[in-house]
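Numbering of the sequence shown is given in the UniProt record's numbering, commencing with residue 1 and proceeding in unit increments. Glycine is no exception: its CB is placed at the ideal position from the N, C-alpha and C atoms. As the structure is a computational prediction, the values presented were derived from the model and not from experiment. Heads up, the thing below is written out as structure tokens.
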Amino acid sequence: MHGALSILPLRIRGLGLARNGRDLLSGVSADLLPGAPSVILGPNGAGKSLFLKLCHGLIAPTSGTIEWSAPAARAHAMVLQRPVLLRRSGRANVVHALALQGLSSTERANRADEVLERFGLTSIAARPARVLSGGEQQRLAIARAFALAPQVLFLDEPTSALDPGATRAVEEMIGTIAREGTKIVMATHDLGQARRLAGDVLFFHGGRLVEQTSASAFFGKPQTDEAGAFLRGDLLW
Ligand SMILES: Nc1ncnc2c1ncn2[C@@H]1O[C@H](COP(=O)(O)OP(=O)(O)OP(=O)(O)O)[C@@H](O)[C@H]1O
């Protein structure tokens, strides 16, 4: 699917972000490798969203480095926790994103239709995106990002506001995208979801990366007291 050089691994070293004299993230070093989804876990305020935004380049770090293995412009995409959809139809949202990538109008139309059909979104394609349900909006936003054929897709709590049925639909979509070779890096509060999807886990607490390990090791035998407390529901902040 991806003819270009692989942009992975992503090497993150000593990453820090300070605002108003406060360290929001500090000393984060990690490698993101190809393979099953990397899931970012941690309590509220741990720095999960900031980490994703730094990796995607939406904000610049105060310290440290983020190095892709190959030129990565346009090779990674991100869906925000509350996706921003344009005031036009679902299909037009996808077509617009493809236009920004320079595809011809025929290519845009074909790719948009293919992706919408692929994810069972044809029935909502003609409806105004902004009046779709939360679950439909989230699926549309993920489809729009996927249409750009990213090598890496960052997702920030994609199911945080969704009911169980919509959550399942989004998870199925994520599973399909991952199996097709796009690396998913996602934050979630849903531990069941993390167990279902994660290849490895990055556990954040207080702006620090406390553990990065395989999902089976993390859920089977967390290495730190903080991760253990988090999994028991005892770590609030
Ligand atoms: N632009 C900003 N300026 C100052 N502080 C910020 C800014 N953005 C985030 N923060 C703070 O940084 C910390 C980490 O925020 P972040 O959104 O990454 O947490 P999170 O782990 O995603 O939390 P949640 O699970 O609640 O979404 C929080 O204390 C937040 O208030």
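Taking Cβ positions, are residue i and residue j nearer each other than 8 Å?
| i | j | result |
| --- | --- | --- |
| P37 | L197 | yes |
| L140 | L121 | yes |
| A143 | L116 | yes |
| T182 | V170 | no |
| Q81 | E172 | no |
| D23 | G207 | yes |
| A112 | V95 | yes |
Report the CB separation of residue i from residue j in whole angstroms; it is logged as a contact under 8 Å.
| i | j | result |
| --- | --- | --- |
| L103 | N93 | That pair is no contact at about 15 Å. |
| E211 | Q223 | 6 Å |
| G27 | T62 | Their Cβ separation, rounded to whole angstroms, is 12 Å, which puts G27 and T62 out of contact at 8 Å. |
| I124 | G90 | 5 Å |
| L25 | L10 | About 16 Å separates the two Cβ atoms, so there is no contact after all. |
Comparing alpha-carbon positions, which option in the options lies nearest residue i?
| i | options | result |
| --- | --- | --- |
| L54 | A194, P83 and A18 | A18 |
| G35 | S214, T167 and Q137 | S214 |
| E136 | A166, S160 and L15 | A166 |
| P128 | R88, G228 and R111 | R88 |
| L98 | A60, G47 and P150 | P150 |
| A46 | L132, H189, S133 and A4 | H189 |
| L191 | E180, E114, R179 and F230 | F230 |
Take residue i and list the residues in its own chain whose beta-carbon comes closer than 6 Å to its own, dropping the five residues that flank it on each side.
| i | result |
| --- | --- |
| L155 | V79 and M186 |
| G220 | none |
| A4 | none |
| S49 | D156 |
Excluding the 5 residues preceding and the 5 following residue i in the sequence, name in chain order all residues of the same chain whose CB lies nearer than 7 Å to its CB.
| i | result |
| --- | --- |
| P83 | Q137, Q138 and A141 |
| P226 | The question names Pro, yet the displayed sequence has Glu at residue 226. Answer for E226: H205, V210 and L235, listed in chain order. |
| R13 | S29, G64 and T65 |
| I177 | F146, L153 and I184 |
| F119 | R139, A143 and M173 |
| N20 | none |
| H56 | H76, M78 and F154 |
| A72 | I7 |
Leaving out the 5 sequence neighbours to the left and right, which residues in its chain are closer than 8 Å to residue i when beta-carbon positions are compared?
| i | result |
| --- | --- |
| L148 | R74, A77, A97, L98 and Q101 |
| L58 | M78 |
| R195 | A215 and F219 |
| S6 | P34, S69, A70 and Q151 |
| S133 | A166 |
| G228 | P222 |
| L8 | L32, L33, P34, W68, S69, Q151, V152 and K183 |
| A126 | S89, G90 and R91 |
How do the segment 59-71 and the segment 105-118 stand: do at least 3 beta-carbon pairs fall below 8 Å, yes or no? no
Do the segment 37-48 and the segment 199-207 make contact, defined as three or more Cβ pairs closer than 8 Å? Contact between the segment 37-48 and the segment 199-207 is present: three or more C-beta pairs spanning the two stretches fall below 8 Å.
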